[in-house]
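Here the protein sequences come in this chain order: W and X.
FYI, our numbering numbers position 14 of the first sequence as 27, with every residue one higher than the one before it.
FYI, our numbering numbers position 51 of the second sequence as 652, with every residue one higher than the one before it.
What follows is a short report on a single structure.
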Amino acid sequence: MNTVDPAAVEMVVLTALALAAAAFGYILLLLALSRYEPGVASRGALPPIRARPKTLVVVLECRTREDEVGETLGRLLSLDQPRMSVLVVDDRTSGPVADVLGAVSDPRVRRVRRPDAAADTGAALNAALAHLRSGTAAGLPSDPEDVVLGVLRPGERCDADTVDAVLAAFDDPHVGLVQVGMRVQDRRQGLLARVQDVEEVLYTEVFQRGRQHFGGDSLGSAGRFVRLSALVSLGTSSPWREGRTPELDLGLRLLVAGWRSEFAASGVLHGPSPSGLGGWLSHRGRRLQRRMQCWPQVPRLLENLSGVTRAQLLVGLSTPVLLLAASLLAAGMVLWSGALAIGLARGTMALSWWWAAAYAGAVVPAFLLAGVYQESSGEPVGVWPRWRTVLLLHLYPAVVVGWSLAAWWALVVLVTGREGRGRSVRAGYAARHRKSRRGAWGWLVAPVCLVGVAAWMVFTVAGSSVQSAPPPLPSVTGETP
Amino acid sequence: MGQDASTGGSWTTVQVDLLNGGWMLMGGAVVVLLCYVLFVGTSLLLAGARRVASGHAFGRELSDERWFGEREA
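Structure, rendered in structure tokens:
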């Protein structure tokens, strides 16, 4: 059996502690900053001048969840927003969408045909854009700077305050796209849905809000509101590329083209949660896959952007690499758990202060974050008390493991071009996918090399087989120094 | 600080192997993370240096045209 060099273990412990302390400090810093509104200087924006009223066109793309089109449309039309209209993209003459549209006589609702039945989201959105630019859409301002496109899917909803917040953010003429927070609509219907809601709320309320203080642009999960003139400025009739969720790709190209993104802190989109653990993993995997598909854009991003924006986007896009590294941590934890289980069963396990310290390090932020969730979620205390959130945040290591699995799944899909059970990705998507894969190879080499170097270093050091004293953590014999 | 179970029974051997395996994976993760920090930091520094060399040291310039537009002309 190999014995690990004590010097190597010490180095690992110290480095891991330093990284954990840095992550802990970063979270606390963002948590503190997120409690205050950023000043104008840190947002990098000047006060709006001569802002003209904007018009919002909600593009409702009906490829999935057709049964929920009626409810989404009804909610949109019930909003007291005279400067809002709805453009439904659909290609069927019969079915749920046709039934709903047949029953709606509201002049604010228009319908545009999808190019063909197999067209994906990007093609459908491009068809909606072509309709708007053709001049056949009556009632829109003549200046594309005053028109905002919002992409919604059946099952999602937004309220009047969100529309106001989004349109107000576009008063700054430099802003090309606006992000809002996400909430899980059916969060009261199960533990998994609640976990996702906690994730979404904390991401918005702590990370997005906190990062506003650093200035610069970042891309959240829901950059769905775009200015029409920004789309036109890209110089193509098809700004949305083929793919299942092309918003991230578009957002990056707009930033590279010189537009700014803005985070409307008071806006929120409510969406359905993926069903089941498999659905959750697959949903997270697709999110990471989107980021991987954007890796070919990194050189342009580094070349054309600067400062905090460049750093935030680079770190954001390389999140999958961090999660792949985290999967090594998770696997190590699993092995340790096995060792502890054996120790427990044999009665040789001794408690260590390291455990208490690690637990305290995990619970303190959990308690603080639970308070943020309680304040921000709008949940009545009786319905969802704070202690439940604290307990729920104890599941966070499991969530990180889930994200790591999703990262491996996304990597496999990116490399092989196939999803689970031998299912190939759709034809239209596959073409774009192949192109992304070719461009992403350069970036894939980096994490693979990193893992190779790490393995070589660790096994070289571990192979020295130095006989040594038992370690102080975690202890199994109770004879630790 | 590594585990040595040369004097223990078979369960002790398994236990120590699991612990040592855990340390190896942790070590691998730490090295990957350090390389990641180095890689991202170097990329940003090089990109910044290139921008300085090309005369774009001050970031994204404000465009007066976009603020006031041709309508104002």
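Here a beta-carbon is modelled for each residue, glycine too, at the ideal position from N, C-alpha and C.
Residue i - containing alpha helix (DSSP H), residue span
i	result
residue 227 (chain W)	Unbroken run through residue 227 (chain W): none, as it is neither H nor E.
residue 282 (chain W)	Careful: residue 282 (chain W) lies outside any alpha helix (DSSP H), inside the beta strand (DSSP E) at 273-284.
residue 244 (chain W)	241-246
residue 145 (chain W)	134-146
residue 191 (chain W)	That residue, residue 191 (chain W), is in no alpha helix (DSSP H); its beta strand (DSSP E) goes 188-197.
residue 413 (chain W)	409-429
residue 297 (chain W)	289-306
residue 50 (chain W)	Taken as a continuous stretch (DSSP letters only), residue 50 (chain W) belongs to no alpha helix (DSSP H), as it is neither H nor E.
residue 322 (chain W)	320-330
Distance, residue j Cα to residue i Cα
i	j	result
residue 176 (chain W)	residue 69 (chain W)	8 Å
residue 328 (chain W)	residue 275 (chain W)	18 Å
residue 314 (chain W)	residue 398 (chain W)	44 Å
residue 482 (chain W)	residue 627 (chain X)	Here residue 482 (chain W) scores only 37 on pLDDT, less than 50, and its place in the model should not be relied on; the value that follows carries that caveat. When rounded, the distance between both Cα atoms is 20 Å.
residue 138 (chain W)	residue 99 (chain W)	13 Å
residue 217 (chain W)	residue 424 (chain W)	26 Å
residue 616 (chain X)	residue 355 (chain W)	7 Å
residue 155 (chain W)	residue 651 (chain X)	41 Å
residue 260 (chain W)	residue 253 (chain W)	7 Å
residue 366 (chain W)	residue 19 (chain W)	20 Å
residue 298 (chain W)	residue 288 (chain W)	14 Å
residue 438 (chain W)	residue 429 (chain W)	Only weak support exists for where residue 438 (chain W) lies, its pLDDT of 41 falling under 50; the coordinates are left without a value.
residue 203 (chain W)	residue 623 (chain X)	34 Å
residue 164 (chain W)	residue 26 (chain W)	47 Å
residue 21 (chain W)	residue 319 (chain W)	38 Å
residue 670 (chain X)	residue 158 (chain W)	Confidence in residue 670 (chain X) is poor, its pLDDT being 42 and thus under 50, which makes the residue's placement too unreliable to answer from.
residue 255 (chain W)	residue 619 (chain X)	46 Å
residue 227 (chain W)	residue 374 (chain W)	26 Å
residue 453 (chain W)	residue 305 (chain W)	Because the pLDDT of residue 453 (chain W) is 49, which lies under 50, any placement of that residue in the model is unreliable, and the question is left without a value.
residue 160 (chain W)	residue 35 (chain W)	43 Å
residue 125 (chain W)	residue 101 (chain W)	6 Å
residue 183 (chain W)	residue 269 (chain W)	18 Å
residue 215 (chain W)	residue 611 (chain X)	46 Å
Residue of the options minimising C-alpha distance to residue i
i	options	result
residue 427 (chain W)	W:32, W:300 and W:74	W:300
residue 97 (chain W)	W:320, W:354, W:340 and W:121	W:121
residue 324 (chain W)	X:654, X:649, X:653 and X:620	X:649
residue 225 (chain W)	W:182, W:407 and W:50	W:50
residue 308 (chain W)	W:338, W:294, W:196 and W:266	W:266
residue 330 (chain W)	W:364, W:264, W:406 and W:160	W:264
residue 86 (chain W)	W:170, W:24 and W:23	W:170
residue 166 (chain W)	W:134, W:186, W:172 and W:185	W:134
residue 168 (chain W)	W:186, W:110 and W:142	W:110
residue 410 (chain W)	W:114, W:64 and W:346	W:346
residue 341 (chain W)	X:631, X:641 and X:612	X:631
residue 368 (chain W)	W:241, W:306, W:183 and W:350	W:350
residue 406 (chain W)	W:205, W:28, W:306 and W:418	W:205
residue 417 (chain W)	W:381, W:371, W:332 and W:372	W:332
Interface flag, residue i vs chain W, CB-CB below 8 Å
i	result
residue 644 (chain X)	yes
residue 650 (chain X)	no
residue 635 (chain X)	yes
residue 654 (chain X)	no
Presumed contact (8 Å Cβ cut-off) between residue i and residue j, rounded CB distance
i	j	result
residue 385 (chain W)	residue 219 (chain W)	6 Å
residue 283 (chain W)	residue 146 (chain W)	Not quite, the Cβ-Cβ distance comes to about 30 Å (not below 8 Å), so this is no contact.
residue 244 (chain W)	residue 67 (chain W)	Contact doesn't hold; Cβ gap of about 14 Å is too wide.
residue 32 (chain W)	residue 646 (chain X)	That belief does not hold up - the Cβ atoms of residue 32 (chain W) and residue 646 (chain X) are roughly 20 Å apart, past 8 Å.
residue 413 (chain W)	residue 343 (chain W)	7 Å
residue 294 (chain W)	residue 420 (chain W)	No, residue 294 (chain W) and residue 420 (chain W) are not in contact; Cβ-Cβ is about 10 Å, not under 8 Å.
residue 391 (chain W)	residue 272 (chain W)	So it is not a contact: roughly 32 Å between Cβ atoms.
residue 47 (chain W)	residue 237 (chain W)	Rounded, the Cβ-Cβ distance is 22 Å, inconsistent with contact.
Closer than 8 Å to chain X by CB, residue i
i	result
residue 284 (chain W)	no
residue 319 (chain W)	yes
residue 65 (chain W)	no
residue 40 (chain W)	no
residue 324 (chain W)	yes
residue 363 (chain W)	no
residue 29 (chain W)	yes
residue 441 (chain W)	Because residue 441 (chain W) sits at a pLDDT of 39, beneath the cut-off of 50, its placement in the model cannot be relied upon, and the point is left open.
residue 419 (chain W)	no
residue 496 (chain W)	The requested residue 496 (chain W) does not occur in the structure, where chain W is confined to residues 14 to 494.
residue 201 (chain W)	no
residue 253 (chain W)	no
residue 359 (chain W)	yes
residue 160 (chain W)	no
Limits of the unbroken beta strand (DSSP E) element including residue i
i	result
residue 98 (chain W)	97-103
residue 613 (chain X)	That residue, residue 613 (chain X), is in no beta strand (DSSP E); its alpha helix (DSSP H) goes 611-654.
residue 163 (chain W)	160-165
residue 68 (chain W)	68-74
residue 122 (chain W)	122-126
Beta-carbon neighbours of residue i, restricted to chain B and to distances below 7 Å
i	result
residue 331 (chain W)	The displayed structure is made up of protein chains W and X, and chain B is not among them.
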